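Residue numbering for the sequence shown follows full-length UniProt numbering, starting at 1 and increasing by one per position.
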Amino acid sequence: MQTSIISFHAPPPPPLNSLKTQQPNTRLFFFTSKPPPSILISTQTLTSKLLCKPPSAGKYVSDDYLVKKISAEEVQQLVKGERNVPMIIDFYATWCGPCILMAQELEMLAVEYENNALIVKVDTDDEYEFARDMQVRGLPTLYFISPDPSKDAIRTEGLIPIQMMRDILENEM
1 MQTSIISFHA
11 PPPPPLNSLK
21 TQQPNTRLFF
31 FTSKPPPSIL
41 ISTQTLTSKL
51 LCKPPSAGKY
61 VSDDYLVKKI
71 SAEEVQQLVK
81 GERNVPMIID
91 FYATWCGPCI
101 LMAQELEMLA
111 VEYENNALIV
121 KVDTDDEYEF
131 ARDMQVRGLP
141 TLYFISPDPS
151 KDAIRTEGLI
161 PIQMMRDILE
171 NEM
């Protein structure tokens, strides 16, 4: 089945003070077969053009960022392994606006606490089951995990200020 897009220019709209409803200058008609010759005025072919290069391998985290995207298995190894610094796990999605803002704050925090905290990211679209098991209901969700196994993890949901993250790292971990 062939689809054609037909466009033609209509007369200009009436003045603004007119009581009639204004009509747009261009009208589009969609035909699923060949249009009648009396209606055909001009036919266009639509081409799609990329505005930017798509990200490689589906990762939205650059190699030079300090906050790295890791898998569920890697998170479990880090949590179970020996650490002498607190860890922050950021559960995010690439389509989430607050997650993008949180990523900027976490990157600044990673620069500030470069050797004193470990900050990692988990994409909830890639690791859906793990996010569900960790009871991630809203995005972004952060888990602050102390190197001391006797301390409970701290969970936050939603966009939080960088000062609150500093306070948790300095006072609770």
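Yeah, the Cβ is synthetic: ideal placement off N, Cα and C, and Gly gets one too.
Note that the structure is predicted; figures quoted are calculated from it, not measured.
Own chain, CB closer than 7 Å to residue i, minus 5 neighbours either side, in chain order
i    : result
P147 : R83, N84, V85, P86
G138 : E157, G158
C99  : Y92, A93, L139, P140
Check whether residue i and residue j have beta carbons under 8 Å apart
i    : j    : result
L66  : A117 : no
I70  : V120 : yes
M102 : L159 : yes
D123 : Y92  : yes
I168 : I89  : no
Residue from the options with nearest C-alpha to residue i
i    : options               : result
T156 : Q77, C99, P140        : P140
P149 : Q76, M165, K80        : K80
D126 : T94, Q135, C99        : T94
V75  : I100, M134, G97, E112 : M134
K68  : P161, E112, L106      : L106
D152 : E112, E172, P161      : E172
DSSP three-state assignment for residue i, whether helix, strand or coil
i    : result
I168 : helix
E127 : coil
R137 : coil
E157 : strand
Close Cβ partners of residue i (< 6 Å) along its chain, the five nearest in sequence each way excluded
i    : result
Q163 : none
M165 : L109
A131 : F91, T124
S48  : Residue confidence for S48 is low, a pLDDT of 49 falling below 50, so the modelled location carries little weight; the figure read from the coordinates is stated next. Nothing listed; no residue qualifies.
C96  : L139
Which parts of the region 65-109 are runs of the beta strand (DSSP E), unbroken and 3 residues or longer, counting only runs that do not cross its ends? 87-92
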